[in-house]
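To start, the structure itself, in structure tokens.
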Amino acid sequence: MPDLEHSQTKKPLTLFQCTLLAFRFVMSDTDHDEFVLRKFNITLEGFQRFSPAITCFRKAMLKGSGFTKKHCDILVPFLTSPNSRLIHLDLSHNSLGLSALKKLSRAFCDRKCQIQMLNLSHNDLHSQDMDLIKDVLSNVNLKILDLSDNNLEDEGVKILSAGLRSAKCHLEVLKLSGCQIKEGVLKLLSSLKGSLRELDLQYNDLGSITEKKVHQLTVKLPSLRIYTGGVCSHQPGLYKYAVTLTFDPRTANEYLHLNENNTVAVCKMEKQHRPANGERFDKCNQVLCCEPLTGRCFFMADVIGTGVHIGVACKGIKRKGANDAVRLGRNKMSWCLCCSKNLSVAHDTKTESLTKPLQTESTRKIGVFLDREAGSVFFYRMSPEPELLYMFDAEFPEDQELYAAFSIQEPDSSVRLRKASL
Numbered sequence: 316m317p318d319l320e321h322s323q324t325k326k327p328l329t330l331f332q333c334t335l336l337a338f339r340f341v342m343s344d345t346d347h348d349e350f351v352l353r354k355f356n357i358t359l360e361g362f363q364r365f366s367p368a369i370t371c372f373r374k375a376m377l378k379g380s381g382f383t384k385k386h387c388d389i390l391v392p393f394l395t396s397p398n399s400r401l402i403h404l405d406l407s408h409n410s411l412g413l414s415a416l417k418k419l420s421r422a423f424c425d426r427k428c429q430i431q432m433l434n435l436s437h438n439d440l441h442s443q444d445m446d447l448i449k450d451v452l453s454n455v456n457l458k459i460l461d462l463s464d465n466n467l468e469d470e471g472v473k474i475l476s477a478g479l480r481s482a483k484c485h486l487e488v489l490k491l492s493g494c495q496i497k498e499g500v501l502k503l504l505s506s507l508k509g510s511l512r513e514l515d516l517q518y519n520d521l522g523s524i525t526e527k528k529v530h531q532l533t534v535k536l537p538s539l540r541i542y543t544g545g546v547c548s549h550q551p552g553l554y555k556y557a558v559t560l561t562f563d564p565r566t567a568n569e570y571l572h573l574n575e576n577n578t579v580a581v582c583k584m585e586k587q588h589r590p591a592n593g594e595r596f597d598k599c600n601q602v603l604c605c606e607p608l609t610g611r612c613f614f615m616a617d618v619i620g621t622g623v624h625i626g627v628a629c630k631g632i633k634r635k636g637a638n639d640a641v642r643l644g645r646n647k648m649s650w651c652l653c654c655s656k657n658l659s660v661a662h663d664t665k666t667e668s669l670t671k672p673l674q675t676e677s678t679r680k681i682g683v684f685l686d687r688e689a690g691s692v693f694f695y696r697m698s699p700e701p702e703l704l705y706m707f708d709a710e711f712p713e714d715q716e717l718y719a720a721f722s723i724q725e726p727d728s729s730v731r732l733r734k735a736s737l
């Protein structure tokens, strides 16, 4: 029987295995800290068999797992179970939709629900959805709410403010970074209560509201974050973090020909001679970009051909030779998506095949989102809207800058970097 806590299976668990695992946890007297759904290949039917065991964990990390309304239908009864130990629920990066949110909000509003930390970031929520979230704030158990990177805008924040004024609201941490908030921040700040100790307003264009005025209105707030980072906050979703990149000729292997102002890299049979230096990949057909990736960054590329790897690498990745210390995805210094006939992801010599097909047309569009602070790298298929293919939970070395990184192995295959716009 597979060990849920120590293995990452590629083959779907059978319904019988899911039932046995659930029984094992339900009957155990040990407190279990964290269940991470996306690490295990569990079908919807398998999740239904395993779901009673969710109440045995303190944390349910369901982010980026393709969670749907049907999954929510299964989960909801256990959120209000009197025997539940669950206090931390992460549903980020799932695009839940209105019907799933309605189902969940009814459970969150129930006094029997013990959830203290709720993460709904990156779920394509809009201002009209905040009527449901407003009611959730009345649950006295809820202490931390993350709504980052949803398109709430000023109207959504005004609705949310009504919930913050509720006598039943005991929220301590509210995260609203990247929510397209402008002047609506004034309504929000006037609704804050003494229980709130942290407010995250990063990556919002506060318009004419000066930083000084915001601080004046939140003078009693222990932690306030309003860094904008120079992002295009008027853009929706991930596009607000889009960056324009160029290939770095100093790092490019000589078999990679750079064209169009260093925005196109093509693998050729003949060398494009360049001066030797310590930063160049001398044996592997790889190249880094010039611009370091900081904070939250989203970049896009068109991939033509096969044998193309796209990802993120530390500046300190080895450059000489063709061993695993150099190759993208074969060491602790790089994370990548491998685009060939089939898709796979790789990091630190571990490779995992993906079941989701890439576009069949000759040009395939890939998006990569990096959240350095959260320690996450996301790969998307742009079809045309971002569709999550895979996410890494990464431990980035604090002393290392991060760069977009590419490997092109097959002759005439190429990568074109796209501009930072829709």
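Each position in the sequence shown, counted from 1, maps to that position plus 315 in this note's numbering. From the three backbone atoms N, C-alpha and C, an ideal C-beta is built for every residue, glycine too.
- Ser729 versus Ser655 - alpha carbon distance: Position 414 of the sequence shown, counting from 1, holds the residue named residue 729. Position 340 of the sequence shown, counting from 1, holds the residue named residue 655. Between the alpha carbons of Ser729 and Ser655 lies a distance of about 12 Å.
- Mapping DSSP to helix, strand and coil, what is Ala751? Nothing about residue 751 can be read from this structure; the chain reaches only from 316 to 737.
- Query: Could you give the distance in angstroms between the alpha-carbon of Met706 and the alpha-carbon of Pro327?
  - Reply: In the sequence shown, counting from the first residue as 1, residue 706 sits at position 391. In the sequence shown, counting from the first residue as 1, residue 327 sits at position 12. Their Cα atoms are separated by approximately 19 Å.
- Glu468, enclosing alpha helix (DSSP H) - first and last residue: The residue labelled residue 468 in the question sits at position 153 within the sequence shown. Taken as a continuous stretch (DSSP letters only), the alpha helix (DSSP H) holding Glu468 covers 468 to 479.
- Item | CA-to-CA distance, Lys665 to Cys371, given in whole angstroms | Translated into the one-based positions of the sequence shown, residue 371 becomes position 56. Translated into the one-based positions of the sequence shown, residue 665 becomes position 350. If you take the alpha carbons of Cys371 and Lys665, they lie about 30 Å apart.
- Can you name, in chain order, every residue of its own chain whose Cβ lies under 6 Å from the Cβ of Lys598, other than the five neighbours on each side? Taking the first residue of the sequence shown as 1, we reach residue 598 at position 283. Cβ within range, chain order: Gly636, Ala637.
- Identify every run of the beta strand (DSSP E) within the stretch 659 to 683, keeping only runs that are complete inside it and at least 3 residues long; order them along the chain. Unbroken beta strand (DSSP E) stretches of 3 residues or longer found wholly inside the stretch 659 to 683: 665 to 668, given in chain order.
- Task: Could you tell me whether the Cβ atoms of Leu413 and Asp444 are closer together than 8 Å?
- Result: On the sequence shown, position 98 is the one that residue 413 refers to. On the sequence shown, position 129 is the one that residue 444 refers to. Cβ distance < 8 Å, so Leu413 and Asp444 count as in contact.
- Note down, in chain order, each residue of its chain lying with its Cβ closer than 7 Å to the Cβ of Ser322, except the 5 sequence neighbours on either side. The residue given as residue 322 occupies position 7 in the sequence shown. With a pLDDT of 42 at Ser322, under the threshold of 50, the modelled position of that residue is not reliable, and the figure given next carries that caveat. Counting only Cβ-Cβ distances below 7 Å, and skipping sequence neighbours, we find nothing.
- Extent of the continuous beta strand (DSSP E) run through His572: Here the question's residue 572 lines up with position 257 in the sequence shown. Per DSSP, His572 belongs to the beta strand (DSSP E) from 571 to 574.
- Message: Within the continuous alpha helix (DSSP H) that includes Gly361, where are the two ends?
- Response: Position 46 of the sequence shown, counting from 1, holds the residue named residue 361. Unbroken alpha helix (DSSP H) run through Gly361: 359 to 365.
- C-beta contact flag for Gln457 and Ile430 at 8 Å: Numbered from its first residue, the sequence shown carries residue 457 at position 142. Numbered from its first residue, the sequence shown carries residue 430 at position 115. With the sequence shown as reference, residue 457 is identified as Leu, and Gln is not the correct amino acid for it. Yes, the pair counts as a contact, with Cβ atoms nearer than the cut-off.
- Item | Host beta strand (DSSP E) of Phe372 (start-end) | Residue numbering aside, residue 372 sits at position 57 when the sequence shown is read from its first letter. Phe372 -> beta strand (DSSP E) spans 372 to 376.
- Message: Checking 8 Å against the spacing of the C-beta atoms, do Lys630 and Gln715 come in under that value?
- Response: For this step, residue 630 is matched to residue 315 along the sequence shown. For this step, residue 715 is matched to residue 400 along the sequence shown. Contact flag set, yes.
- Query: Could you give the residue range of the beta strand (DSSP E) that holds Arg540?
  - Reply: For the purposes of this step, residue 540 is taken as residue 225 along the sequence shown, with counting starting at 1. Unbroken beta strand (DSSP E) run through Arg540: 538 to 540.
- Message: For Phe365 and Arg565, I'd like the C-alpha separation in whole angstroms.
- Response: Position 50 of the sequence shown, counted from the first residue, corresponds to residue 365. Position 250 of the sequence shown, counted from the first residue, corresponds to residue 565. Looking at the two C-alpha atoms, the distance is approximately 52 Å.
- Message: Let me check one thing: in DSSP terms, what residues is Ala637 bridge-paired to?
- Response: Within the sequence shown, the letter at position 322 stands for residue 637. Looking at the DSSP assignment, Ala637 forms no beta bridge with any residue, so it has no partner.
- Message: Could you check whether Phe562 and Ile625 sit closer than 8 Å to each other, using their CB atoms as the reference points?
- Response: For the purposes of this step, residue 625 is taken as residue 310 along the sequence shown, with counting starting at 1. For the purposes of this step, residue 562 is taken as residue 247 along the sequence shown, with counting starting at 1. Against a cut-off of 8 Å, the Cβ pair of Phe562 and Ile625 comes out as no contact.
- Query: Based on Cα-Cα distance, which residue from Phe613, Thr678, Ala368, Lys555 lies nearest to Leu335?
  - Reply: Counting from 1 along the sequence shown, the entry for residue 335 is found at position 20. The residue with the shortest Cα to Cα distance from Leu335 is Ala368.
- For the beta strand (DSSP E) that His624 lies in, which residues bound it at each end? Working through the sequence shown from its first residue, we reach residue 624 at position 309. Residues 623 to 629.
- Hey, how far is the Cα of Glu470 from the Cα of Gly610? Numbered from its first residue, the sequence shown carries residue 470 at position 155. Numbered from its first residue, the sequence shown carries residue 610 at position 295. If I take the Cα positions, the gap works out to 27 Å.
- Message: Going by DSSP, what residue range makes up the alpha helix (DSSP H) through Gln443?
- Response: Here residue 443 refers to the residue found at position 128 of the sequence shown. No alpha helix (DSSP H) holds Gln443; DSSP gives it neither H nor E.
- Nonlocal neighbours in the same chain, by C-beta distance under 6 Å from Glu513, ignoring five residues either side: Working through the sequence shown from its first residue, we reach residue 513 at position 198. So the list reads Val488, Ser538, once near-sequence residues are dropped.
- Query: According to DSSP, which residues form a beta bridge with Glu498?
  - Reply: One-based indexing of the sequence shown puts residue 498 at position 183. Looking at the DSSP assignment, Glu498 forms no beta bridge with any residue, so it has no partner.
- Task: Along the beta strand (DSSP E) that carries Pro392, what are the first and last residues, could you check?
- Result: Counting from 1 along the sequence shown, the entry for residue 392 is found at position 77. Premise fails: Pro392 lies in the alpha helix (DSSP H), 384 to 394, not in any beta strand (DSSP E).
- Rounded to whole angstroms, how far is the Cβ of Gly493 from the Cβ of Asp520, which I believe are closer than 8 Å? On the sequence shown, residue 493 is found 178 positions in, with the first residue counted as 1. On the sequence shown, residue 520 is found 205 positions in, with the first residue counted as 1. So it is not a contact: roughly 10 Å between Cβ atoms.
- Message: Quick check on Leu516: does DSSP put it in helix, strand or coil?
- Response: Working through the sequence shown from its first residue, we reach residue 516 at position 201. Leu516 falls in the coil class under three-state DSSP.
- Message: For a cutoff of 8 Å on Cβ pairs, would you count Ile625 as touching chain B?
- Response: No chain B appears in the structure shown, which is made up of a single protein chain.
- So, using beta-carbon positions, are Phe382 and Leu416 closer together than 8 Å? Within the sequence shown, residue 382 is the residue found at index 67, counting from 1. Within the sequence shown, residue 416 is the residue found at index 101, counting from 1. No. Outside cutoff.
- Message: Pairs of beta-carbons, one from the stretch 565 to 577 and one from the stretch 692 to 699, closer than 8 Å: are there three or more?
- Response: No, they do not touch.
- Task: Tell me where the beta strand (DSSP E) around Arg611 begins and ends.
- Result: As a working mapping, residue 611 is identified with position 296 in the sequence shown. Taken as a continuous stretch (DSSP letters only), the beta strand (DSSP E) holding Arg611 covers 611 to 619.
- Task: Let me know if His588 comes out buried or exposed under the rule of 16 or more other beta-carbons within 10 Å of its beta-carbon.
- Result: Position 273 of the sequence shown, counted from the start, is the residue given in the question as residue 588. It counts as exposed.
- With distances taken from CA atoms, which of Ser481, Ala567, Lys583, Ile474 is nearest Lys502? Here residue 502 refers to the residue found at position 187 of the sequence shown. Put simply, of Ser481, Ala567, Lys583, Ile474 the residue whose alpha carbon is nearest the alpha carbon of Lys502 is Ile474.
- What number of angstroms, rounded off, separates the C-alpha of Ser436 from the C-alpha of Gly379? Within the sequence shown, numbered from 1, the residue matching residue 436 stands at position 121. Within the sequence shown, numbered from 1, the residue matching residue 379 stands at position 64. Ser436 and Gly379: Cα-Cα distance of roughly 11 Å.
- Secondary structure at Arg400, three-state DSSP: helix, strand or coil? Taking the first residue of the sequence shown as 1, we reach residue 400 at position 85. Coil at Arg400, not helix or strand.
- Message: Spatial neighbours of Asp318 within its chain, please: C-beta separation below 8 Å, excluding the five flanking residues on both sides.
- Response: Within the sequence shown, numbered from 1, the residue matching residue 318 stands at position 3. Since pLDDT at Asp318 reaches only 48, below the 50 mark, its modelled position is unreliable, and no value is offered.
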